[in-house]
Amino acid sequence: MGTKPWKALLLTLPMAFLLALMMTQGKLPDALAARVAVILTYSLFSVMFFLIIWSGKTYKYRAILFTIIAVCFCFSFIANLIEIRGSMALTKADILAGDTPFCHLVIPAVIIPAALTRTIIFPGSMLEGFASIASMLVLWAGASLVLGRGWCSWACFFGGFDEGFSRLRKKALIKKIDQKWTYLPWAVLLAVVLLSAATLSPFYCQWLCPFKAVTEFEQVTSFKILVQTVIFVSLFIGLVVVLPVLTRKRIQCGLFCPFAAFQSLTNKINVFDIRVDTDKCKNCGICIKECPTFSLDSKSVGEGRTLMSCVKCGKCVDDCPRGAVTYHIKGTRVNTGSDTARVLFAYPAYLFMSAIGGSMIVSTLAYLINYATAGSLYG
Amino acid sequence: MGRAASIIGYCLAALAIPVAIATFVGMDFFSRGLVAATGLKVSPWMNGGDIIQVVERGGYQTQIHQPVFDGLFGEKEEGFVQVDWTPLKNLPSVISEEVDFDRDGRADFKISLDVEAVSAKITNENPRIKSLEGCYKLKDGRAVRVWLINDKR
Amino acid sequence: MIQGFFLGLASGTVCLANCAPVLLPYLLGEGGKIPRNYALLGQFMGGRLAGYLLFALLAWAAGLYFSIMRHRGLIFGAVYIILAVLMIYTSLRKTENKCLGNCLGKPLIPLTLGFFTGINFCPPFLMAFTEASSIVNLGQCMLFFFMFFLGTAVFFLPLPLVGGLERFLLLKNIGKLAALLIAVYYLYTGLVMIGGS
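So the sequence lines, in the order shown, correspond to chains A, B and C. Count the first sequence with my numbering and you get residues 4 to 382, in order. Count the second sequence with my numbering and you get residues 37 to 189, in order. Count the third sequence with my numbering and you get residues 1446 to 1642, in order.
1. Checking 9 Å against the spacing of the C-beta atoms, do L14 (chain A) and G361 (chain A) come in under that value?
2. List the residues that DSSP assigns as beta-bridge partners of Y3 (chain A).
3. Measure how close the beta-carbons of Y207 (chain A) and A118 (chain A) come, nearest whole angstrom, since I'm counting them as under 8 Å.
4. Just to confirm the assignment, what range does the alpha helix (DSSP H) spanning D120 (chain B) have?
5. Nearest by alpha-carbon distance to V41 (chain A): which of A:L54, A:Y186, A:L16 and A:L24 is it?
6. What residue from A:A96, A:L68, A:C260 and A:V109 has the CA that sits closest to G44 (chain A)'s CA?
7. Is any beta-carbon of chain A found at less than 9 Å from that of S67 (chain B)?
8. So the alpha helix (DSSP H) R39 (chain B) belongs to, where does it begin and stop?
9. Using only alpha-carbon positions, find the residue among A:M51, A:A34, A:I71 and A:A190 that is nearest to F161 (chain A).
10. Scan the segment 38-54 of chain A for residues whose Cβ lies nearer than 7 Å to a Cβ of chain B and list them as they occur along the chain.
11. Is V1459 (chain C) close to chain B, meaning its C-beta is less than 9 Å from at least one C-beta of that chain?
12. T122 (chain A): which of B:Q97, B:G110, B:V61 and B:L168 sits nearest, CA to CA?
13. Under the assumption that A19 (chain A) contacts I115 (chain A) (Cβ atoms under 8 Å), give the Cβ distance between them as a whole number of angstroms.
14. At which residues does the beta strand (DSSP E) containing S155 (chain B) begin and terminate?
15. At a cut-off of 8 Å, would you count L1537 (chain C) as near the ligand FAD, judging by its Cβ distance to the nearest heavy atom?
16. Run down chain C in chain order and give the residues with a C-beta less than 7 Å from the C-beta of K183 (chain A).
17. Would you kindly work out how many angstroms separate the C-alpha atoms of T1535 (chain C) and L1472 (chain C), rounded to a whole number?
18. Three or more C-beta pairs under 8 Å: does that hold for the segment 214-229 of chain A against the segment 86-105 of chain A?
19. Closer than 8 Å between beta carbons: that is the criterion. Which residues of the segment 1583-1609 of chain C meet it against chain A?
20. Identify every run of the beta strand (DSSP E) within the segment 217-241 of chain A, keeping only runs that are complete inside it and at least 3 residues long; order them along the chain.
21. Cβ atoms of A1465 (chain C) and L192 (chain A): under 9 Å apart, would you say?
22. Just checking my contact of G107 (chain B) with V1530 (chain C) at CB under 8 Å: how many whole Å lie between their CB atoms?
23. Which residues, taken in chain order from the segment 1460-1482 of chain C, show a beta carbon closer than 9 Å to some beta carbon of chain B?
24. Between F52 (chain A) and Y353 (chain A), which are expected to be in contact by the criterion C-beta below 8 Å, what is the C-beta distance as a whole number of angstroms?
25. Using a Cβ-Cβ cut-off of 9 Å, state whether A1628 (chain C) counts as contacting chain B.
26. Does DSSP put F275 (chain A) in a helix, a strand or coil?
27. Do G1563 (chain C) and G1492 (chain C) have their C-beta atoms closer together than 9 Å?
28. Note down the Cα distance separating R325 (chain A) from P126 (chain A), rounded to an integer number of angstroms.
29. Just to make sure I have the definition right: I need the residues of chain B whose C-beta is within less than 7 Å of the C-beta of K95 (chain A). Which are they?
30. When you check each C-beta in the segment 78-92 of chain B against every C-beta of chain A, which residues fall closer than 8 Å?
31. Residues in the same chain with beta-carbon distance under 8 Å from N1547 (chain C), minus the five sequence neighbours each way, listed in chain order, please.
32. Could you check whether the Cβ of V1530 (chain C) sits closer than 9 Å to any Cβ belonging to chain A?
33. I want to verify the contact list: residues of chain C whose CB lies under 9 Å from the CB of L238 (chain A), in sequence order.
34. Using Cβ-Cβ distances below 8 Å, what residues of the segment 316-337 of chain A are close to chain B?
35. Looking only at DSSP bridge pairs, what is Q1488 (chain C) linked to?
36. Determine whether the beta carbon atoms of A82 (chain A) and L380 (chain A) lie at a separation below 9 Å.
Structure below.
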C-alpha cells in the first residue's frame, strides 16, 4: 500500500518546510562544516520521509534513520564531552555542579520522590544547560501524548542501537524466547521505582543503565563504582549487542528497559495504535515472529490488537503479506484500505524523530567534516 | 456513536501535529511553566542544598550549605552538611578551619583539608557530627560532606 | 509509652518506604486476593513485632546496646544477606493460589521476612532502639517497642490492596522477578556492609 509519487511529493512538502524551519531556524549556519552538515541532514530527512510515504513501508526507512540517529547521538555526545570535559567519565565535581544531562530513562524513578518531596533525585539542572530536567520532562510529555510508546521507535535516541544490531543477521540464531521474559521490564520498573524511592537516588542510572557504555559514566573511584561499571558494560554487550544479533529482536527495549514498560502505559491515552483486520488475517504468524519487541502473540492477533507494549515501529505493518495489519486511529474503522492513519501518525512521529535526531546528525557530520578538512574533530 | 467516535479520533490524530510542533517551539515556555507550577527543584542530596552562609577568608570563601535531612516522608534521622571552598586559585595548600554550620557561635567541627591531595580530616566538636562522608573536587574549589545526626527527631 | 506510639506514627512512613521493596514484590509474587494478602501482612507484621521485641530485650540488657551498635555493620550486613536469600527463595519457588486457611498454616516466610526487615535497616527502628536503651524496666521497654510497632503498623494497612489486582497473572511474575532483582541488590549491600565493618 503505497502512494502515487506526485501525491507522496505533495505530502512531503509540508514536512520538508517544517524540517527546514527546525534545522535552520530561518538561517543557515555561518561555519562551512555546519552549513554542509545541515544541508545533508535536511536532504536525508526529506528523502526518507518521501520514501516512507511513497513506498508505504514505514519500518524499513524508519529503522535506518533510527539507527543512524543512535550512532550519531553517541558520537556527537562523546565528542562534545571530550571537548568540554576531556573524558567520558563523570567526576564528582560534575555531579555536584548538576552538570549531568537528564535522560528520559530515569523518569519513572523520579516520579515518586518528585510527588512526595517536590525534588528530582538526579544530579542535573532544572532549567539550565544541555538536556535540563524540565525540558526533557516537557519533551517526554509531548511525545507521550502524540506517540504513546511510539516514543521507543521514533524518539528514543538509544533504541537505534538495539534496532541496528537486531537487523545485522538475516536469520535469528535464537528463535524461542519464553513469554515470561516479557514481564522482566515491569519487574525492573517495580524494583527501580521502589529502590529509588527508598534510597532517594536514581537507582537505574547508578546500577543498571546499559547506555552509560556509549554516553557517560561515573569515574571509577571506589569498589562500588567498579561493580556498577562491570554491570553496565555487561548489560550493554549482552542486551544491546549480542542478544539482538542472535535473536533479531530489540532485547534491551523489549525485555529489560523499565522506561519502556512505563511508557507502555501511555499507549492507553494515545490516539494511534496498530490493529489487525481479523477478517483478512490468515494467522500465518509472520507478524508475531517478526515483531521486534514481543508485542504480538496469537491471542492478541486473534483479538485484532497488539499488546500494550507495541512501539508502533511498523514492522508488522510492512511484513504482513495480506495487508491485514495497519496503523489505526482509535474510534475509527479498522483497515479501511486507506493510508490516512499511517500518514497522520507519520507526521508527528517524524517531527519528533527529526527534531530530536536532526541536531545529532548535524553535529556528527560537522565533526566528521572538520576531521576530514582540518584533521581534528573540533576544527 | 460510531461516526462521532470516528470524527473525534480523526480530530485528535490531526491535533497530534500541532502538539508535536508546540512541544519544540514552546519548550522553554513549558519548561519554565512546569518548574513554576510544581516548584520542583533538584534534590539537595544531589547538589548539596542551598548555601546559607558565606565566610570570607581573605581571597577565598567558605560556603556552608543548609544541612540536608530530606527524606521521602519528612526528615531522615541522618543527613549531611556540605561545605565548599572556592575559588581554587586562592586556596591555601592546606585549609585548616573551624566550621560552625548551625550558626550558634561555636565551632561544630575542625577541618584540615589538603587541597592538592583532595583529602580531609575532621575533628568533632558537636555530638551531631557523625563522620566525614567524603572530600571532593569542585569545578573551582573543593568540598566536603559531613554526616550529621538530626537532632530534631 | 504513648511516646513510643507517636514515634511510630511519626516515622511509620519511613518504615513503609524501607519495607515496601521487600513486602510489595512479595505480595505481588504470591498473587493472592485481598483477604489473603491481609493474612500475609499479618504474618509479616507479626515477624516485625517479634524482631522489635527481641531487640527490646537486647536494648534492655545492660551493655548489649553498645556492643550491637559497635558491630552494626557486621550484624545488619548479615541480616541483609539473610533477607536477600529469603527473597531469592520466595521468588524462585513455585506458589499456588491457596486459600486463607492453608496460607495461615505456613506462616514461616512472611513471618521471617517481617522479622528480618523489622530488626534490619529500618532507620526509625534504630532510633526507637536508641530511645529504648535508656529504659530501665524490661516490661516498659517491651511496651515501648510494642507501641512503636502499633504506630508504624498503620501505614502498612493499604499494601494488601494490591491483591485487588490478583486477576492479572502477570503481576505475580513481575512481583517475583522484582523480588529477585531487589534481593541481588540487598545481597550486594550486605556483603559490602560486612566487608566495610
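Backbone N, C-alpha and C define an ideal beta-carbon position, used for all residues, glycine too. Being a predicted model, the structure only gives us computed values, none of them experimental.
From the atom records:
1. Locating residue 14 (chain A) in the first sequence gives position 11, where the first residue counts as 1. Locating residue 361 (chain A) in the first sequence gives position 358, where the first residue counts as 1. In this structure, G361 (chain A) does not lie closer than 9 Å to L14 (chain A) by Cβ.
2. No information on residue 3 (chain A) is available, as it lies outside the stretch 4 to 382 that chain A covers here.
3. As a working mapping, residue 207 (chain A) is identified with position 204 in the first sequence. As a working mapping, residue 118 (chain A) is identified with position 115 in the first sequence. Distance from Y207 (chain A) to A118 (chain A) at the Cβ level is roughly 17 Å; contact not present, criterion being Cβ atoms closer than 8 Å.
4. For the purposes of this step, residue 120 (chain B) is taken as the residue at position 84 of the second sequence. Here D120 (chain B) belongs to no alpha helix (DSSP H); instead the beta strand (DSSP E) covers E111 to T122.
5. For this step, residue 41 (chain A) is matched to residue 38 along the first sequence. Checked all of A:L54, A:Y186, A:L16 and A:L24; the closest Cα to V41 (chain A) is A:L24.
6. Numbered from its first residue, the first sequence carries residue 44 (chain A) at position 41. In the sequence on display, residue 44 (chain A) carries Thr and not Gly. Considering only alpha carbons, the answer is A:L68.
7. Numbered from 1 along the second sequence, position 31 holds the residue referred to as residue 67 (chain B). For S67 (chain B), the nearest beta carbon of chain A is closer than 9 Å to its own beta carbon.
8. As a working mapping, residue 39 (chain B) is identified with position 3 in the second sequence. In this chain, the alpha helix (DSSP H) harbouring R39 (chain B) covers G38 to V61.
9. In the first sequence, residue 161 (chain A) corresponds to position 158, counting from 1. Checked all of A:M51, A:A34, A:I71 and A:A190; the closest Cα to F161 (chain A) is A:I71.
10. Cβ contacts with chain B: none found.
11. As a working note, residue 1459 (chain C) is residue 14 in the third sequence. At least one chain B Cβ lies under 9 Å of V1459 (chain C).
12. Translated into positions along the first sequence, residue 122 (chain A) becomes position 119. In this structure, B:G110 is the residue among B:Q97, B:G110, B:V61 and B:L168 with its C-alpha nearest to the C-alpha of T122 (chain A).
13. The residue labelled residue 19 (chain A) in the question sits at position 16 within the first sequence. The residue labelled residue 115 (chain A) in the question sits at position 112 within the first sequence. Going by Cβ atoms, the distance from A19 (chain A) to I115 (chain A) rounds to 43 Å, so no, they are not a contact pair.
14. Numbered from its first residue, the second sequence carries residue 155 (chain B) at position 119. Taken as a continuous stretch (DSSP letters only), the beta strand (DSSP E) holding S155 (chain B) covers S155 to N160.
15. Among the ligands in the structure shown, none appear at all, so the ligand FAD cannot be discussed.
16. By one-based count along the first sequence, residue 183 (chain A) stands at place 180. Within chain C, the residues near K183 (chain A) are N1618.
17. As a working note, residue 1535 (chain C) is residue 90 in the third sequence. As a working note, residue 1472 (chain C) is residue 27 in the third sequence. Each residue's CA atom was taken as its position, placing T1535 (chain C) and L1472 (chain C) some 11 Å apart.
18. Counting Cβ pairs under 8 Å, three or more are found: they touch.
19. For the segment 1583-1609 of chain C, which is checked against every Cβ of chain A, not one residue is closer than 8 Å.
20. Every candidate beta strand (DSSP E) stretch fails here, since none sits fully inside the segment 217-241 of chain A while reaching 3 residues.
21. For the purposes of this step, residue 192 (chain A) is taken as the residue at position 189 of the first sequence. For the purposes of this step, residue 1465 (chain C) is taken as the residue at position 20 of the third sequence. Between L192 (chain A) and A1465 (chain C), the C-beta gap is not smaller than 9 Å, which leaves the two residues out of contact.
22. For this step, residue 107 (chain B) is matched to residue 71 along the second sequence. For this step, residue 1530 (chain C) is matched to residue 85 along the third sequence. At roughly 28 Å, the Cβ-Cβ gap does not stay under 8 Å, so G107 (chain B) and V1530 (chain C) are not in contact.
23. So the close ones are L1461 and A1462.
24. As a working mapping, residue 52 (chain A) is identified with position 49 in the first sequence. As a working mapping, residue 353 (chain A) is identified with position 350 in the first sequence. In this structure F52 (chain A) is in contact with Y353 (chain A), their Cβ atoms being roughly 6 Å apart against a cut-off of 8 Å.
25. Position 183 of the third sequence, counted from the first residue, corresponds to residue 1628 (chain C). Closer than 9 Å: no.
26. Mapped onto the first sequence, residue 275 (chain A) falls at position 272. Assignment of F275 (chain A) by DSSP, reduced to helix, strand and coil, places it in the strand class.
27. Along the third sequence, one-based indexing puts residue 1563 (chain C) at 118. Along the third sequence, one-based indexing puts residue 1492 (chain C) at 47. The criterion of a C-beta distance shorter than 9 Å is satisfied by G1563 (chain C) and G1492 (chain C).
28. To locate residue 325 (chain A), count along the first sequence from 1; it is residue 322. To locate residue 126 (chain A), count along the first sequence from 1; it is residue 123. In a straight line, the C-alpha of R325 (chain A) is about 51 Å away from that of P126 (chain A).
29. Position 92 of the first sequence, counting from 1, holds the residue named residue 95 (chain A). Those within 7 Å of K95 (chain A) in chain B are Y172 and K173.
30. Within the segment 78-92 of chain B, the qualifying residues are V78, S79, P80, W81, M82, N83 and G84.
31. Translated into positions along the third sequence, residue 1547 (chain C) becomes position 102. For N1547 (chain C), the predicted structure reports a pLDDT of 47, less than 50, and the residue's modelled location is therefore unreliable. A value from the coordinates is still provided. Within the same chain, N1547 (chain C) has no close Cβ partners at all.
32. Here residue 1530 (chain C) refers to the residue found at position 85 when the third sequence is read from its first residue. Output row for V1530 (chain C): interface = no.
33. Locating residue 238 (chain A) in the first sequence gives position 235, where the first residue counts as 1. Here the premise fails: no neighbours, minimum Cβ distance about 13 Å.
34. The residues in question are I332, K333, G334, T335 and R336.
35. In the third sequence, residue 1488 (chain C) corresponds to position 43, counting from 1. Under DSSP, Q1488 (chain C) shares a beta bridge with no residue.
36. If you number the first sequence from 1, residue 82 (chain A) lands on position 79. If you number the first sequence from 1, residue 380 (chain A) lands on position 377. The answer is yes: Cβ separation under 9 Å.
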